[in-house]
Amino acid sequence: MAEYLASIFGTEKDKVNCSFYFKIGACRHGDRCSRIHNKPTFSQTVLLQNLYVNPQNSAKSADGSHLVSNVTDEEMQEHYDNFFEDVFVECEDKYGEIEEMNVCDNLGDHLVGNVYIKFRREEHAEAAVNDLNNRWFGGRPVYAELSPVTDFREACCRQYEMGECTRSGFCNFMHLKPISRELRNIFIVVDHADIVHVVAHVIMLEHVEPDHLS
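Numbering (the UniProt record's numbering), first residue to last: 1 to 214.
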């Protein structure tokens, strides 16, 4: 029996533990979910909830169709690339080597703007969570937690990657927002230890004085 329960843990057959939280680190039901969200006590991956604010998302209706927006696709990509650079470089420089960083382009409240950072070492992820929960970004407090997600292939929407997802931004699997080819080349060519000297910091993560924390 124990072997069977272990084999179905975190799958759709598991009637006790939430498979979406296990695979994606987020669930649309939140605290109201009828299944258990097993929050890890140690992990390589940190979730920064709703950190990225996409200027184009606010210009979409509930069905995902575009409304009038003054932000061009080029401006949107530049805005996103600047965000990605800032967060990646700040977190790697301060907490430790990053293996992977992903940003959700979904529109559902539980996934919109989520940033997943997978560090090489679990202790680096723990240090990041402890520090980032005392920091602000873009005028908003940062909400960081350890995430059970370590294999993003299982968390991502395969239909979206093939251009076939019919749920648009409201899919419950990750729709990852890509960085530009130019930025990707910087990360490939430049050694991690030197990236801090290459990229320009536009949006800074700021420490908050203790008496300002709620």
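Ideal Cβ placement from N, Cα and C applies to all residues, glycine included. Fair warning: this is a prediction, and the values are worked out from it, not measured in the lab.
Is residue 94 helix, strand or coil by DSSP?
Counted from its first residue, the sequence shown places residue 94 at position 94. DSSP places residue 94 in helix when its eight states are reduced to three.
Host alpha helix (DSSP H) of residue 23 (start-end)
Residue mapping note: residue 23 aligns to position 23 of the sequence shown, counting from 1. Residues 19-24.
Do residue 112 and residue 172 have their C-beta atoms closer together than 8 Å?
Taking the first residue of the sequence shown as position 1, residue 112 is located at position 112. Taking the first residue of the sequence shown as position 1, residue 172 is located at position 172. The answer is no: Cβ separation not under 8 Å.
Report the option in 29, 80 and 121 whose CA atom is closest to the CA atom of residue 184.
Locating residue 184 in the sequence shown gives position 184, counting from the first residue. With distances taken between Cα atoms, residue 184 lies closest to 80.
With a threshold of 6 Å on Cβ separation, who are the neighbours of residue 37 within its own chain once the five nearest residues in sequence on each side are excluded?
Counted from its first residue, the sequence shown places residue 37 at position 37. Cβ within range, chain order: 18 and 21.
Nearest to residue 140 by CA position, among 25, 109 and 53, is which residue?
Position 140 of the sequence shown, counting from 1, holds the residue named residue 140. The shortest C-alpha separation from residue 140 is found at 53.
Identify every run of the alpha helix (DSSP H) within the UniProt domain "C3H1-type" (151-178), keeping only runs that are complete inside it and at least 4 residues long; order them along the chain.
152-155 and 158-161
Going by the beta-carbon positions, is the gap between residue 87 and residue 115 smaller than 8 Å?
In the sequence shown, residue 87 corresponds to position 87, counting from 1. In the sequence shown, residue 115 corresponds to position 115, counting from 1. Result yes, Cβ atoms of residue 87 and residue 115 sit closer than 8 Å.
For residue 25 versus residue 105, is the C-beta distance shorter than 8 Å?
For this step, residue 25 is matched to residue 25 along the sequence shown. For this step, residue 105 is matched to residue 105 along the sequence shown. Against a cut-off of 8 Å, the Cβ pair of residue 105 and residue 25 comes out as no contact.
With distances taken from CA atoms, which of 31, 40, 56 and 32 is nearest residue 23?
Sequence index remark: in the sequence shown, residue 23 carries index 23 (1-based). Here the closest residue by C-alpha is 40.
Quick check: what's the CA-CA separation for residue 126 versus residue 92?
Locating residue 126 in the sequence shown gives position 126, where the first residue counts as 1. Locating residue 92 in the sequence shown gives position 92, where the first residue counts as 1. One C-alpha to the other measures close to 13 Å.
Please return the same chain residues whose Cβ sits closer than 6 Å to the Cβ of residue 103, not counting the five positions on each side in sequence.
Your numbering for residue 103 matches position 103 in the sequence shown. The answer, listed in chain order, is 52, 115 and 177.
Buried or exposed: where does residue 124 fall if 16 or more other Cβ atoms within 10 Å of its Cβ makes it buried?
In the sequence shown, the residue the question calls residue 124 occupies position 124. By the neighbour-count rule (16 or more Cβ atoms within 10 Å), residue 124 is buried.
Which of the three DSSP states is assigned to residue 115 in this structure?
In the sequence shown, residue 115 corresponds to position 115, counting from 1. Strand at residue 115.
Would you grab the beta carbon distance between residue 96 and residue 135 for me? Rounded to a whole angstrom, and I think it's under 8 Å.
Residue numbering aside, residue 96 sits at position 96 when the sequence shown is read from its first letter. Residue numbering aside, residue 135 sits at position 135 when the sequence shown is read from its first letter. So it is not a contact: roughly 16 Å between Cβ atoms.
Taking its Cβ as the centre, do 16 or more other Cβ atoms sit within 10 Å of residue 175, making it buried, or is it exposed?
Against the sequence shown, residue 175 aligns to sequence position 175. By the neighbour-count rule (16 or more Cβ atoms within 10 Å), residue 175 is buried.
Compare the Cα-Cα distances from residue 94 to each of 156, 74, 72 and 132 and report the closest residue.
Against the sequence shown, residue 94 aligns to sequence position 94. The residue with the shortest Cα to Cα distance from residue 94 is 132.
For residue 29, count neighbouring C-beta atoms within 10 Å of its own C-beta (all shown protein chains included) and say buried if the count is 16 or more, exposed if not.
Position 29 of the sequence shown, counted from the first residue, corresponds to residue 29. Result: exposed.
Can you tell me which of the three DSSP states residue 53 falls into?
If you number the sequence shown from 1, residue 53 lands on position 53. It is coil, neither helix nor strand.
For residue 150, which residues of its own chain have a beta-carbon under 8 Å away from its beta-carbon, when the five flanking residues on both sides are left out?
Here residue 150 is taken as the residue at index 150 of the sequence shown, counted from 1. For residue 150, where only same-chain residues beyond five positions count, the Cβ hits under 8 Å are 43, 44, 45 and 118.
From this set, 89, 99, 157 and 130, which residue's C-alpha is nearest residue 144's C-alpha?
One-based indexing of the sequence shown puts residue 144 at position 144. Taking only the C-alpha atoms, the option nearest residue 144 is 130.
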